[in-house]
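One structure is given below, encoded as structure tokens.
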Amino acid sequence: MALRTGLLKINSLRRNFLLTRKASSNMGLQYSVPEEKKEEIYNKSIDSKIIFNKKNIVKSDCIEKPELIIFDKDGTLICFHAMWVPWIIGYVERIEQFSELYLSSELYDKLGFCKKTKKVVPGLLAEGTMKQINDAVLDVMKSYGISKEKSIKIVEKVSKVMKEEQKDNKFIKEVTNIQRLFNALKNDNIKIAICTSDSRKNTIHTLSFLGVTPFIDFIRCGDDIGSVPKPDPSNALKICSYLNVLPSKTIMVGDTLTDLKMAYLANLGGSVGVLTGVGNYSLLYPYSKMLVDDVSQIPMYFI
Numbered sequence: 001m002a003l004r005t006g007l008l009k010i011n012s013l014r015r016n017f018l019l020t021r022k023a024s025s026n027m028g029l030q031y032s033v034p035e036e037k038k039e040e041i042y043n044k045s046i047d048s049k050i051i052f053n054k055k056n057i058v059k060s061d062c063i064e065k066p067e068l069i070i071f072d073k074d075g076t077l078i079c080f081h082a083m084w085v086p087w088i089i090g091y092v093e094r095i096e097q098f099s100e101l102y103l104s105s106e107l108y109d110k111l112g113f114c115k116k117t118k119k120v121v122p123g124l125l126a127e128g129t130m131k132q133i134n135d136a137v138l139d140v141m142k143s144y145g146i147s148k149e150k151s152i153k154i155v156e157k158v159s160k161v162m163k164e165e166q167k168d169n170k171f172i173k174e175v176t177n178i179q180r181l182f183n184a185l186k187n188d189n190i191k192i193a194i195c196t197s198d199s200r201k202n203t204i205h206t207l208s209f210l211g212v213t214p215f216i217d218f219i220r221c222g223d224d225i226g227s228v229p230k231p232d233p234s235n236a237l238k239i240c241s242y243l244n245v246l247p248s249k250t251i252m253v254g255d256t257l258t259d260l261k262m263a264y265l266a267n268l269g270g271s272v273g274v275l276t277g278v279g280n281y282s283l284l285y286p287y288s289k290m291l292v293d294d295v296s297q298i299p300m301y302f303i
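So this is what it looks like as structure tokens:
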């Protein structure tokens, strides 16, 4: 115990640095960040103690410092409920409006949303791709006798309305200062990737809004060609291959079982569960090497 405590103290001291190192130029983004935005980010001198405040670590085993961290997006970097609760309520209301049927109870059950608590629960909304969500909605409408052609038109119309409503970014709420966290990780020579079930358009929009795209080495999205939904390990392995990092030197960070199971199936070096999303203590604890309140705590426990 004394040795472990000493290691943690040494590791903590080692991270009292100024965060001014330039992020990797090897970007798998299909996205261009203006030079003035990069300068605005990199010229900030930040004391890492500001973001690495020790909170109550729920479950911790010291993890060897990885060469690569793969982050989930929704529920891990941004608040899942702030983003998707307004979306699912508005989405279902409009499906009912355009179909002229009362479908809310069945749709909420199918997609994974508790109307009483207004919380997203483990299910398609939390873990599936937008295609999987839309296919589930089409199945429900089909069971009510709506033709496939009409159902598709309704889903397309509703999706367009919902995209317009989310343009002002009012539902994007980061769980911690992600820009500072990523800057610290890059300064410690750790590569950063994003693996999300969300669409590439939404993902790039969100990450750009947060100002973190310059720090990210690779992004894998749910609608990318060849992408297979979690927990299939193929996306994690593709990221490792692209960035030339062994899976054993990589960790996965996420808020759902599908994130943690993907790490297991890909034989990654470890998985970290976070309690800022859909997964709770009892769900994530058995599958995670480390379980934390939010992502800002993770670097404190590298050895």
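Residue numbers for the sequence shown follow the UniProt record's numbering, so the first one is 1 and each next one is one higher.
All C-beta atoms, glycine included, are put in the ideal place defined by N, C-alpha and C.
Integer-rounded CB distance, given that residue j should sit under 8 angstroms from residue i
i, j, result
"Ser-288", "Val-278", "About 14 angstroms; that fails the 8 angstroms criterion."
"Asp-74", "Val-175", "That belief does not hold up - the Cβ atoms of Asp-74 and Val-175 are roughly 10 angstroms apart, past 8 angstroms."
"Met-130", "Asp-223", "7 angstroms"
"Ile-178", "Ile-194", "Rounded, the Cβ-Cβ distance is 11 angstroms, inconsistent with contact."
"Leu-124", "Leu-103", "Contact doesn't hold; Cβ gap of about 15 angstroms is too wide."
"Ile-251", "Ile-63", "6 angstroms"
"Val-253", "Phe-71", "5 angstroms"
"Ala-266", "Pro-286", "With 8 angstroms as the limit, Ala-266 and Pro-286 do not qualify as a contact, their Cβ atoms being about 18 angstroms apart."
"Thr-276", "Thr-117", "Contact doesn't hold; Cβ gap of about 17 angstroms is too wide."
"Gly-128", "Ser-197", "6 angstroms"
"Leu-257", "Pro-122", "7 angstroms"
"Phe-215", "Lys-65", "That belief does not hold up - the Cβ atoms of Phe-215 and Lys-65 are roughly 17 angstroms apart, past 8 angstroms."
Residue i - partner residues in DSSP beta bridges
i, result
"Ala-184", "None, per the DSSP bridge assignment."
"Arg-200", "The partner list for Arg-200 (beta bridge, DSSP) is empty, contrary to what the question assumes."
"Val-292", "Val-274"
"Asp-217", "Beta-bridge pairing links Asp-217 to no other residue."
"Leu-103", "Leu-103 is not bridged to any residue."
"residue 384", "Nothing about residue 384 can be read from this structure; the chain reaches only from 1 to 303."
"Phe-71", "Ile-194, Val-253"
"Ile-63", "Phe-302"
"Phe-113", "Val-120"
Nearest-angstrom Cα separation, counted from residue j out to residue i
i, j, result
"Glu-67", "Asp-217", "12 angstroms"
"Asn-280", "Pro-229", "21 angstroms"
"Cys-114", "Lys-153", "27 angstroms"
"Thr-206", "Thr-213", "9 angstroms"
"Lys-191", "Leu-268", "15 angstroms"
"Pro-299", "Ser-105", "42 angstroms"
"Lys-173", "Lys-119", "16 angstroms"
"Ser-159", "Ile-95", "10 angstroms"
"Asn-134", "Lys-157", "12 angstroms"
"Lys-49", "Ala-184", "In this predicted model, Lys-49 has a pLDDT of only 38, less than 50, meaning its place in the structure is not dependable enough to derive any value."
"Glu-39", "Met-162", "Any reading at Glu-39 needs caution, since the residue's pLDDT is 34, under 50, leaving its predicted position unreliable; the model's value is listed next. Glu-39 and Met-162: Cα-Cα distance of roughly 34 angstroms."
"Lys-148", "Asp-109", "21 angstroms"
"Gln-97", "Val-155", "11 angstroms"
"Gly-145", "Ser-208", "42 angstroms"
"Asp-139", "Lys-201", "25 angstroms"
"Asp-188", "Ile-69", "12 angstroms"
"Tyr-242", "Gln-297", "27 angstroms"
"Ile-204", "Lys-170", "16 angstroms"
"Glu-164", "Arg-180", "30 angstroms"
"Val-292", "Val-92", "33 angstroms"
"Ala-126", "Ile-239", "22 angstroms"
"Asn-244", "Ile-88", "38 angstroms"
"Gly-270", "Ala-136", "32 angstroms"
"Met-83", "Gly-90", "12 angstroms"
"Lys-249", "Gln-132", "31 angstroms"
"Glu-100", "Ser-151", "12 angstroms"
"Gly-211", "Phe-182", "10 angstroms"
"Asn-26", "Leu-284", "Unreliable placement is indicated for Asn-26, whose pLDDT of 37 sits below 50; the coordinate value is still reported in the next sentence. Rounded to whole angstroms, Asn-26 to Leu-284 spans 33 angstroms at the Cα level."
"Met-141", "Cys-221", "27 angstroms"
"Met-290", "Ser-143", "43 angstroms"
heavy atom of the ligand SAH below 7 angstroms from residue i C-beta
i, result
"Ser-197", "As far as ligands go, the structure on display features none, and thus does not contain the ligand SAH."
Self-check item: Uninterrupted alpha helix (DSSP H) stretches inside the segment 126-159 (no shorter than 4 residues)
Solution: For the segment 126-159, whole alpha helix (DSSP H) runs of length 4 or above, ordered along the chain, are 130-143.
Quiz prompt | the segment 231-245 touching the segment 258-270, judged by at least three CB pairs closer than 8 angstroms | solution = Counting Cβ pairs under 8 angstroms, three or more are found: they touch.
Self-check item: Whole runs of the alpha helix (DSSP H) within the segment 221-278, excluding any shorter than 4 residues
Solution: Within the segment 221-278, the complete alpha helix (DSSP H) runs of at least 4 residues are 234-242, 257-265.
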